[in-house]
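*Asks:* Dropping the structure in here first, questions after.
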Amino acid sequence: MNIRKILSQNFFERDTLTVARELLGKYLVKKIRGNEIAMMITEVEAYDGFEDKASHAHKGETARNKPMFGKAGVWYVYLVYGMHEMLNIVTGRKGYPAAVLIRGVEGIAGPGRLTKFLKITRAQNNTLAGRKSGLWIEDRGVVINNKRIKKTSRIGVLYAGVWAKKKYRFLLK
DNA sequence: ACGATGATGAAC
DNA sequence: TTCATCATCGTA
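For the first sequence, this note's numbering assigns the number 1408 to the initial residue and increments by one for each residue that follows.
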C-alpha cells in the first residue's frame, strides 16, 4: 500500500524549523498540461518571524510579503533579481510571519531553476497548496533519518548580520 | 568574476 | 519619481 497523502494546513501550521526539516523527502507536485510532475524535496530554508533579519517580514507587512502573515499552507512566490521566481510555503499561525523556501528537488539544485523547470510563477502566489491551485506537496512515505540531514547557514543573506549565521538551511546529504 | 533584469520599498 | 537593493543564475 503506497502512501500518497497531500499535506494540508495542519502540517504547515507548526514551528517553521520543524516544518522545514520535515519537508525533506516530501514530494513537490505540479500539474502541467494534465500531467502531474512529482519531485522529491532535497533542500529548504526557514524564514522565521519578525526578528529574522534575513526574512522579508523583518520590516513588517507589505504588499509583497503579505502571504507570509497569512494562514499556513499557502504559497508565497516572488521575483528576485528581476528574473527568478522563488517558491515558499507559508508556515506557523496566522499573524506570525514565516515561510520555508524550497531551494532544491531531486535532480534540480537551485530555487530559480526548480521554479523554471516546474513552470511555477507568481500566478501561484497567495494560493492554497492543493489540487485546486495545481501545486501541492505529498508525503509518499519516504523516511529521512536525521543523520542524512545537513544543516548550514542560509544562502544569499549575508546582509542579515547574526541571522545570516543561523543554521536555517536543511539539505539531504 | 560579472552582468542580466525588473519588482520592491524607502527616500526625496 | 528616483534610486539602491535583491532569499540567483549562466557565461566567462
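Note that CB positions come from ideal geometry on N, CA and C, so glycine has one too.
For Asn1532, name the three-state secondary structure that DSSP assigns.
*Replies:* Here residue 1532 is taken as the residue at index 125 of the first sequence, counted from 1. Coil.
*Asks:* Leaving out the 5 sequence neighbours to the left and right, which residues in its chain are closer than 8 Å to Glu1452 when beta-carbon positions are compared?
*Replies:* Your numbering for residue 1452 matches position 45 in the first sequence. Hits under 8 Å: Ala1427, Val1507, Leu1508, Arg1510, Arg1561, Ile1562, Tyr1575, Arg1576, Phe1577.
*Asks:* DSSP puts Phe1419 in a beta bridge; with which residues?
*Replies:* The residue labelled residue 1419 in the question sits at position 12 within the first sequence. Answer is none; Phe1419 lacks a bridge partner.
*Asks:* Could you pull the DSSP bridge partners for Trp1482 from this structure?
*Replies:* Indexing the first sequence from 1 puts residue 1482 at position 75. DSSP, once it has assigned bridges, lists Ile1496 as partnering Trp1482.
*Asks:* State the DSSP-derived secondary structure class of Leu1521, mapped to helix, strand or coil.
*Replies:* Your numbering for residue 1521 matches position 114 in the first sequence. The answer is helix: DSSP assigns Leu1521 an H, G or I state.
*Asks:* DSSP puts Tyr1454 in a beta bridge; with which residues?
*Replies:* As a first step, residue 1454 must be located in the first sequence, where it is residue number 47. Looking at the DSSP assignment, Tyr1454 forms a beta bridge with Ala1506.
*Asks:* Given a cut-off of 9 Å on the beta-carbon distance, is the pair Thr1498 and Arg1421 in contact?
*Replies:* Translated into the one-based positions of the first sequence, residue 1498 becomes position 91. Translated into the one-based positions of the first sequence, residue 1421 becomes position 14. The answer is yes: Cβ separation under 9 Å.
*Asks:* Is it true that the CB of Ala1464 sits closer than 9 Å to the CB of Tyr1566?
*Replies:* Within the first sequence, the letter at position 159 stands for residue 1566. Within the first sequence, the letter at position 57 stands for residue 1464. Result no, Cβ atoms of Tyr1566 and Ala1464 do not sit closer than 9 Å.
*Asks:* Just mark Asn1472 as buried or exposed, buried being the case when its beta carbon has 16 or more other beta carbons within 10 Å.
*Replies:* Working through the first sequence from its first residue, we reach residue 1472 at position 65. Result: buried.
*Asks:* Considering only the alpha carbon of each residue, which of Met1408, Thr1449, Lys1572, Ala1445 lies closest to Lys1557?
*Replies:* Your numbering for residue 1557 matches position 150 in the first sequence. Nearest of Met1408, Thr1449, Lys1572, Ala1445 to Lys1557, Cα basis: Thr1449.
*Asks:* Please report the residue range of the beta strand (DSSP E) in which Arg1576 lies.
*Replies:* Counting from 1 along the first sequence, the entry for residue 1576 is found at position 169. 1576 to 1579 is the extent of the beta strand (DSSP E) around Arg1576.
*Asks:* For Ala1571 and Val1564, what's the separation of their Cα atoms in angstroms?
*Replies:* Against the first sequence, residue 1571 aligns to sequence position 164. Against the first sequence, residue 1564 aligns to sequence position 157. Computed Cα separation, rounded: 6 Å.
*Asks:* What does the Cβ neighbour count give for Met1475, buried or exposed, with the cut at 16 atoms within 10 Å?
*Replies:* Against the first sequence, residue 1475 aligns to sequence position 68. Its Cβ being crowded by 16 or more others within 10 Å, Met1475 is buried.
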